[in-house]
Structure formats: C-alpha cells, structure tokens
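Peer 1: The structure's right below; bear with me while I get my questions together.
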Amino acid sequence: MNIYDELVWRGLIKDESDPKIKDILNNEHVTFYIGTDPTGDSLHIGHFSSFLICKRLKEAGHNPIVLVGGATGLIGDPKPDSERPMISKETVAHNIECLKKQLVKLFDCEVVNNYDWLHDISFIDFLRDYGKFFNVNYMLNKDIVARRLDEGITYTEFSYMIMQAADFYFLNKTKNVTMQVAGQDQWGNITAGIELIRKKEGKEAYAFTMPLLTKSDGSKFGKTNGKAIWLDRTKTSPYEMYQFFINSEDTKVIDYLKFLTFLSKEEILELEKKNNEAPHLREAHQALAREVITFIHGKEAYEEALRISKALFSGDIKSLTSKEIEEGFTEFPKFEGKEFTLVDALIEIKLAQSKREAREFISNGAVLVNGEKITDLNYLLTKDKAIDGKYIVIRRGKKLYSLIKY
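Quick note: the sequence shown uses my numbering, first residue 102, plus one each step.
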C-alpha cells in the first residue's frame with residue numbers, strides 16, 4: 102500500500118488543496134511543515150495524534166519541519182466562542198523550550214520558531230508586504246473567522262490568519278517548504294498561506310488536513326475527568342496513560358489504533374475481529390496502550406504501567422515500589438502518616454464513619470492493608486509497615502482506597 106492510500110485507510114486525510122497531492126505524496130520527496138502554538142509546557146495526546154504524521158511521511162521519504170509558534174502564541178488562534186487569554190512572553194519562551202525537547206525526542210525532526218522571522222516586521226511593513234494581499238471579504242468567509250462574527254472578534258485575532266500565512270510563505274522561500282499539514286480546524290489559515298505564496302511568488306503550494314480525533318459523542322479525544330492526557334510523565338504518568346487507553350470506547354478503539362499506532366493494516370484488522378468477537382478481553386485496547394506508551398515513554402515505562410495495573414487489580418500491593426504506588430494512586434485520597442490503630446485510621450482516612458462501623462468492616466474481612474486482609478481489631482499501623490518506609494495502602498471493599506504517607 103502506498104503512503105497516500107495508507108493515510109486514507111487510516112482516516113488521516115480530511116481536506117486536500119489539490120488532486121495532485123496523491124501523486125506528490127506517492128512519487129515525490131517534499132519538505133512539509135505542521136505547527137502548534139506553545140500554550141502549554143507539554144504536548145498532549147491531541148498533539149501526538151497530529152504530529153505522528155511527521156514520522157509517517159518521513160518514512161515515506163518526505164522531510165518534516167515542526168513550527169512552534171513563538172509569535173502566533175503571543176496572539177492566539179481564534180477560539181470558536183471567545184478570545185484566548187494572552188500569555189506572557191516569558192511563559193511562551195519557557196513553553197517553547199519544553200515543547201522543542203519533546204518534539205525532537207519523539208519525532209527526530211527540525212523545529213522552528215516563527216518568532217524568529219515575525220518579531221522584527223514593523224507594522225507598516227506587515228500591512229504593505231502581507232496585509233495588502235488579503236481581501237477582507239475573503240477573510241470573513243473563512244470558517245475560522247465566520248464562526249466568531251456573531252460573538253465579535255478582535256483585530257488581533259483577525260490578524261492571526263495573515264501571520265500563519267506569512268509562516269508558510271517564509272518557510273517556502275527559505276526552506277523550500279511546499280506543503281502544510283494540520284488539523285481540519287486550520288483549513289482556513291492553511292489555504293490563506295497557499296494564496297499568499299501564489300500571489301507573491303507565483304508558485305504552487307499544497308496542503309491537506311487531518312480529521313480531529315474525537316470520542317463517539319463528538320467531543321475531543323484526549324481528556325479524562327476533564328484532565329488532558331499529557332506526554333510529560335510528570336503531568337500524566339505512564340500508568341494513568343495506560344488506564345486512559347485501556348478504558349477507550351469499544352466502538353472507537355479501532356479508529357484510535359489507526360490514528361495513533363504504526364501497526365499494519367493486517368494487524369489492526371485482526372484486532373478489530375477480536376474486538377468484535379470478544380470485547381471483554383480488550384486485546385485491541387491492550388495493543389493501543391502498549392504501542393502508544395512504548396512510542397512515547399519506552400518499553401520499560403509500558404511494562405511498569407502494566408505491572409501497576411495488574412498489582413492493583415489483584416491486590417498484590419506489596420509487589421509495588423513506593424514510586425509505582427505514587428503513580429498508581431494519584432486519584433486516591435492521601436493522608437499524613439502516624440502511629441494509630443487500624444480502627445482509628447479507617448475513621449481518619451474517611452473509609453468508616455464510626456468506630457463501630459470500622460470494627461464491622463475489619464471483622465468481616467473487608468479491609469486490606471498493603472494487599473493483605475486484616476481482621477485483627479487491634480492492628481497497629483506504623484512506619485515500619487509502610488512500603489519503602491513511605492506508604493501504607495488501605496482498601497475497603499473492592500474499589501475504595503486511601504493512601505497513608507509517612
């Protein structure tokens with residue numbers, strides 16, 4: 102299967118600026134770019150799903166460049182319903198350095214910053230060299246602007262399209278970039294860049310967009326309980342990422358495998374068959390978690406996440422290190438450790454409302470300490486019983502956990 106047909110099969114092409122793109126991707130070697138603004142100090146899974154195009158096209162013989170918008174990040178891409186809050190220059194600079202490290206490590210590609218060529222352009226030069234090539238009616242018809250007209254849009258946001266077009270023009274002149282790739286929500290900005298190159302240089306440039314990865318209800322993929330799934334493991338641990346993917350919707354997991362992994366068509370079709378026949382085995386989900394976590398964090402991180410998951414499921418808490426407990430129990434309540442009886446502890450960590458209730462839970466075998474069932478009403482919790490001298494994990498029933506930290 103050629104690269105274009107593979108992208109179509111994976112569902113990775115939404116809009117194309119020219120029918121020639123199929124031939125270009127299959128038979129030529131082009132330099133293309135994809136960009137993001139540094140709104141945070143880490144990429145998230147949504148970025149990852151888009152930036153994987155760098156590796157896919159690089160393996161097909163094309164040259165990727167990733168643009169991190171140090172200039173456009175100071176302005177803000179128009180949101181569908183409101184203006185983005187301004188970010189300080191210091192924060193943007195910090196975010197750029199963090200994102201650059203992630204991008205180079207994951208995708209081994211050149212990273213550029215549009216602040217380098219946009220910050221010295223004077224307002225008069227901006228209007229003369231770029232503004233005069235944009236008809237206001239043309240800009241108003243772009244979806245990215247039109248969707249904000251009822252609520253109102255500032256001139257700053259309105260100018261974002263011209264700035265992104267200037268990026269495409271600059272990279273075309275200086276690095277022979279002839280193609281831009283982006284999410285479908287950037288179509289208006291991309292085509293503006295194609296038009297600018299044509300008007301100023303008389304050259305053809307090309308672009309295609311990728312569909313945004315979504316859940317079955319149409320909402321954006323990449324969040325759990327309102328929290329983004331970050332690629333920085335200090336923000337989202339490999340275990341948390343594992344849980345996110347292992348709990349993916351059955352109806353969407355095959356789409357996610359196509360978007361987020363490099364498994365072959367044959368491998369994915371086999372997983373689709375297994376998912377349809379025995380969804381409870383979650384083999385497709387396991388493959389998704391394994392492929393993504395291994396790509397981002399390495400095999401060791403995936404195996405660690407799997408080990409934590411199995412230990413929590415089986416109750417074998419003692420097999421975990423204190424570091425693994427920290428990663429596996431981020432969502433559970435934590436309490437300051439001291440020497441006290443298990444009865445008193447259950448009340449303090451809010452797993453029982455009274456001493457009578459606490460005694461009943463213990464006597465009935467419903468309380469586990471570090472995975473071990475405790476029925477002794479006089480059982481004493483001390484630091485020497487903590488894993489690595491740091492943590493005691495209390496479980497009541499099947500799902501209620503609390504963590505005592507010494």
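Yeah, the Cβ is synthetic: ideal placement off N, Cα and C, and Gly gets one too.
#1: Between which two residues does the alpha helix (DSSP H) harbouring residue 408 extend?
#2: Roughly how many angstroms separate the alpha carbons of residue 507 and residue 487, rounded to a whole number?
#3: Please work out which residues of its chain come closer than 6 Å, Cβ to Cβ, to residue 243, disregarding the five sequence neighbours upstream and downstream, and give them in chain order.
#4: Does the stretch 207 to 215 come into contact with the stretch 293 to 306, if we say contact requires no fewer than three beta-carbon pairs (one atom in each stretch) closer than 8 Å?
#5: With respect to the beta strand (DSSP E) encompassing residue 371, which residues constitute its N-terminal and C-terminal limits?
#6: At 4 residues or longer, and completely inside the stretch 176 to 243: list those alpha helix (DSSP H) runs for me, N to C.
#7: With distances taken Cα to Cα, identify the nearest neighbour of residue 447 among 475, 396, 346, 336.
#8: Give the range of the beta strand (DSSP E) segment to which residue 420 is assigned.
#9: Determine contact between the stretch 168 to 180 and the stretch 419 to 428, defined as no fewer than three beta-carbon pairs at a distance below 8 Å.
#10: Could you check which residue in 405, 323, 219 has the C-alpha nearest to that of residue 55?
#11: Touch check for the stretch 125 to 139 and the stretch 155 to 169: three-plus C-beta pairs under 8 Å?
#12: Report yes or no: do three or more beta-carbon pairs, one from the stretch 261 to 273 and one from the stretch 222 to 235, lie closer than 8 Å?
#13: Apart from the five residues on each side of it in sequence, which residues of its chain come closer than 7 Å, Cβ to Cβ, to residue 391?
#14: Which residues mark the beginning and the end of the alpha helix (DSSP H) in which residue 294 is found?
#15: Give the C-beta separation of residue 280 and residue 151 to the nearest angstrom, bearing in mind that I take them to be a contact with Cβ-Cβ under 8 Å.
#16: Assuming residue 503 and residue 307 are in contact, meaning their beta carbons sit under 8 Å apart, how far apart are those beta carbons, in whole angstroms?
#17: CA-CA distance, residue 110 and residue 254?
#18: Shortest alpha-carbon distance to residue 336 belongs to which of 129, 143, 112?
#19: Less than 8 Å between the C-beta atoms of residue 490 and residue 499, yes or no?
Peer 2: So, to answer that:
#1: Looking at the DSSP string, the run of the alpha helix (DSSP H) that includes residue 408 is 400 to 415.
#2: Their backbone Cα atoms lie some 8 Å apart in a straight line.
#3: Closer than 6 Å at Cβ, skipping near neighbours: 289.
#4: Not touching, per the Cβ criterion.
#5: No beta strand (DSSP E) contains residue 371, which is instead part of the alpha helix (DSSP H) from 366 to 378.
#6: 190 to 208, 216 to 219, 224 to 230, 237 to 241, all fully within the stretch 176 to 243.
#7: For residue 447, the closest alpha carbon among the candidates 475, 396, 346, 336 is that of 475.
#8: Segment: none, residue 420 is in no beta strand (DSSP E) and carries neither H nor E.
#9: Remark: fewer than three beta-carbon pairs, one from each stretch, lie closer than 8 Å, so the stretch 168 to 180 and the stretch 419 to 428 are not flagged as touching.
#10: This structure cannot speak to residue 55, because the chain is shown only from 102 to 507.
#11: In this structure the stretch 125 to 139 touches the stretch 155 to 169; the number of beta carbon pairs closer than 8 Å is three or more.
#12: A contact is defined here as three or more CB-CB pairs under 8 Å, and the stretch 261 to 273 meets this definition with respect to the stretch 222 to 235.
#13: Excluding positions up to five away in sequence, the list reads 403.
#14: Annotation for residue 294: the continuous alpha helix (DSSP H) segment containing it runs 288 to 302.
#15: A Cβ-Cβ distance of about 15 Å is found for the pair residue 280 and residue 151, leaving them out of contact under the 8 Å criterion.
#16: So it is not a contact: roughly 56 Å between Cβ atoms.
#17: Straight-line Cα distance between these residues: approximately 38 Å.
#18: Ranking 129, 143, 112 by CA distance to the CA of residue 336 puts 143 first.
#19: No.
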